[in-house]
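Q: Got a structure here, written out as structure tokens. Questions coming.
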């Protein structure tokens, strides 16, 4: 396993803070609805940046470390497609104007970064102390893989979110529309706005995603630095990817089968390596794992696109998500 010193973590953290500050202060200082071309450009930028970092890891720490990072990034990026669908459902449920969705996702990503760091460090500590944790992680991934292909398992109901219910019960919620603000002052006291409730729901759903995605990356590398950096690069590009694909995400009808196959492969690999491989060794090399993951995901995407071309549905898939339905500064209702 490649070891990274503490200053590597600090340098990467500084890079992430710089990129987020640049994004917020310079490029997205004013709330607006990102166009398709803008979203495509930002998606290309974040993917390109991840690949540059991947090349740097290969040059600095060797090909094996680079392959492990790329495998983790590809797994995390593919799992983020599920995030996009859930985020679209949440924004539609709360009728969030398109120009405010980016703001929610930006601050949601800050929370996700802290959460992933906690998950990675906790997972690393558990693996070092109890080697059987890898088998438990693997079994969890197999269970999640089965859930992905079971009918009805992908139903999302934001109204049942426990964090949302708790906030409504114990915190004062502003009446009317708070605009882009998360907190407003009404009747002499500070209140949370409907947009803050949306942020809470987004943050809480990321906890569920992290439970699946972090163990999945541990399945291809046990190096916490590579696990964390691959997670963060995928998360940084999530906002642009959302605005690029939210309208057509349901066109990828077979993607969940590909994701299920990836999780099952990684999960079974983790269980098998715990029982059959010497400590710290791989039954399946990182390069082969990368090839398998890429093949499964590519097959599911191509199959989805072929099926979409053959059927040519009369109702545009964009209407299923509804992101284009709300582009003006409408009131965000408190439900």
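Numbering (our numbering), first residue to last: -12 to 322.
For every residue, glycine included, the Cβ atom is placed at its ideal position computed from N, Cα and C.
These numbers were taken from a predicted model, which means no experiment stands behind them.
(1) By the 10 Å Cβ neighbour count, where 16 or more other Cβ atoms means buried, how is residue 30 classified, buried or exposed?
(2) With 16 other CB atoms within 10 Å as the buried threshold, where does residue 227 fall?
(3) According to DSSP, is residue 177 part of a helix, a strand, or is it coil?
(4) Compare the C-alpha of residue 163 against each of 182, 220, 263 and name the closest.
(5) Can you tell me whether residue -7 is buried or exposed? The criterion is at least 16 other CB atoms within 10 Å of its CB, across all chains shown.
(6) DSSP state of residue 54, grouped into three classes?
(7) Between the Cα of residue 150 and those of 258, 135, 188, spot the shortest distance and give me the residue it belongs to.
(8) Output the distance between the C-alpha atoms of residue 215 and residue 103, rounded to the nearest integer angstrom.
(9) With DSSP as the reference, label residue 83 as helix, strand or coil.
(10) For residue 246 and residue 128, I'd like the C-alpha separation in whole angstroms.
(11) Contact check, residue 242 vs residue 288 under 8 Å by CB: the rounded distance?
(12) Inspect the beta-carbon positions of residue 205 and residue 53 and report whether they are closer than 8 Å.
(13) According to the Cβ coordinates, are residue 323 and residue 211 closer than 8 Å?
(14) Can you tell me whether DSSP reads residue 129 as helix, strand or coil?
(15) Ends of the alpha helix (DSSP H) at residue 298?
(16) Which value, in whole angstroms, describes the spacing of the CA atoms of residue 235 and residue 292?
(17) For residue 161, count neighbouring C-beta atoms within 10 Å of its own C-beta (all shown protein chains included) and say buried if the count is 16 or more, exposed if not.
(18) In whole angstroms, what is the alpha-carbon distance linking residue 34 and residue 219?
(19) At 4 residues or longer, what runs of the alpha helix (DSSP H) sit wholly inside the region 22 to 49?
(20) Give the straight-line distance between the Cα atoms of residue 70 and residue 196, rounded to the nearest whole angstrom.
(21) For residue 271, which residues in the same chain have their Cβ closer than 6 Å to its Cβ, ignoring the five residues on either side in sequence?
(22) How close, in whole Å, do the beta carbons of residue 295 and residue 203 come, if the pair is a contact with beta carbons under 8 Å?
(23) Using DSSP's beta-bridge definition, name the partner residues of residue 171.
(24) Report the three-state DSSP secondary structure of residue 207 (helix, strand or coil).
(25) Three-state secondary structure (DSSP) at residue 136?
(26) Whose CA, out of 123, 22, -2, 10, lies closest to the CA of residue 232?
(27) Taking 8 Å as the threshold, find out whether the region 61 to 80 comes into contact with the region 165 to 174 through three or more Cβ pairs.
(28) If you drop the 5 nearest sequence neighbours on each side, which residues of the same chain put their C-beta closer than 6 Å to that of residue 223?
(29) When you compare each of 217, 207, 263 to residue 277 by their alpha carbons, which one comes out closest?
(30) By Cβ distance, which residues of its chain are closer than 6 Å to residue 44, with the 5 residues on each side in sequence left out?
(31) Measuring straight from C-alpha to C-alpha, what distance separates residue 46 and residue 254?
(32) With DSSP as the reference, label residue 73 as helix, strand or coil.
(33) At which residues does the alpha helix (DSSP H) containing residue -7 begin and terminate?
(34) By alpha-carbon positions, which one of 83, -2, 76, 260 ends up nearest to residue 20?
(35) Use the C-beta contact count for residue 91: other C-beta atoms within 10 angstroms, 16 or more gives buried, fewer gives exposed.
(36) With DSSP as the reference, identify every bridge partner of residue 160, one or two as the case may be.
A: To lay it out plainly:
(1) buried
(2) buried
(3) strand
(4) 182
(5) exposed
(6) helix
(7) 188
(8) 7 Å
(9) coil
(10) 11 Å
(11) 6 Å
(12) no
(13) Missing from the structure shown is residue 323; the chain here goes from -12 to 322 and no further.
(14) helix
(15) 273 to 298
(16) 11 Å
(17) buried
(18) 12 Å
(19) 23 to 48
(20) 7 Å
(21) 256
(22) With 8 Å as the limit, residue 295 and residue 203 do not qualify as a contact, their Cβ atoms being about 27 Å apart.
(23) 178
(24) coil
(25) coil
(26) 22
(27) no
(28) 33
(29) 207
(30) 52, 53, 56
(31) 29 Å
(32) helix
(33) -7 to 9
(34) 83
(35) buried
(36) 179
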